[in-house]
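Trainee:
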Amino acid sequence: IMIAHSFHNNPNFGPAGGLHGATYTVDVEFASKELHPECKWVIDIGAASEMVADVLKQFNYKNLDDVFGDEVMTTTEFMCKAVFDGIVKILKEKQMINEGDEKLFEGWIKVTLWESHKAWASFEGPAS
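Under the working numbering, the first residue of the sequence shown is numbered 701, with each subsequent residue one higher.
Rendered as structure tokens:
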């Protein structure tokens, strides 16, 4: 995804404190202790791809200062958590993490945003 943002001229961020752009490669990992009993998958890859695309389009080609406001430091770490939270929200809305007695996804999600091979961050946690 391609974004613009600033750190609102906060001196802790040095020259990156002003408005600048970033291009992220986004990896989302879905992990589970067990495979789905019938389908033998961790998650339906088509549904997962669609969820990730829906979350990322909220940020792609946007100025994150406009999306989150002037008080938020939209660090790479913050954006990993924003993507994670967006995926969990969709999982809950689509009832994919709790459908009766059979959960369609029960596990762990890890989101990694890569600015380069030297600069990246991750956020991970349970989907529930």
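Note that beta-carbon positions come from the ideal geometry of N, C-alpha and C, so glycine has one too.
All of these numbers come straight from a predicted model, not from anything done at the bench.
With a threshold of 6 Å on Cβ separation, who are the neighbours of D765 within its own chain once the five nearest residues in sequence on each side are excluded?
Mentor: Closer than 6 Å at the Cβ level, and outside the excluded window around D765, lie H705, S706.
Trainee: Nearest to Y761 by CA position, among S822, F823, P826, I703, is which residue?
Mentor: I703
Trainee: Can you give the Cα-Cα distance for L804 and G718, rounded to whole angstroms?
Mentor: 43 Å
Trainee: On the DSSP bridge assignment, give the partners of H705 in chain order.
Mentor: H720
Trainee: Against chain C, does H708 count as a neighbour if the rule is that its beta carbon must be under 9 Å from one of theirs?
Mentor: Within the model displayed, chain C is absent; a lone protein chain is all it includes.
Trainee: Consult DSSP for S822 and reduce its assignment to one of helix, strand or coil.
Mentor: strand
Trainee: What is the DSSP secondary structure of N763, counted as helix, strand or coil?
Mentor: The DSSP-derived three-state label of N763 is strand.
Trainee: Quick one: residues in its chain with C-beta nearer than 6 Å to the C-beta of G721, no 5 flanking neighbours on either side, listed in chain order?
Mentor: A704
Trainee: Our contact map puts D754 next to I790 with C-beta atoms below 8 Å; I'd like the distance itself, whole angstroms only.
Mentor: 6 Å
Trainee: Pull up the CB-CB distance for V742 and L735, whole angstroms please, since I reckon it's below 8 Å.
Mentor: Your pair V742 and L735 checks out as a contact, with CB atoms roughly 7 Å apart and the cut at 8 Å.
Trainee: Measuring only the C-alpha atoms, how far is A819 from K740?
Mentor: 35 Å
Trainee: Please tell me whether E806 and S749 are closer than 9 Å, where the distance is taken between their beta carbons.
Mentor: no
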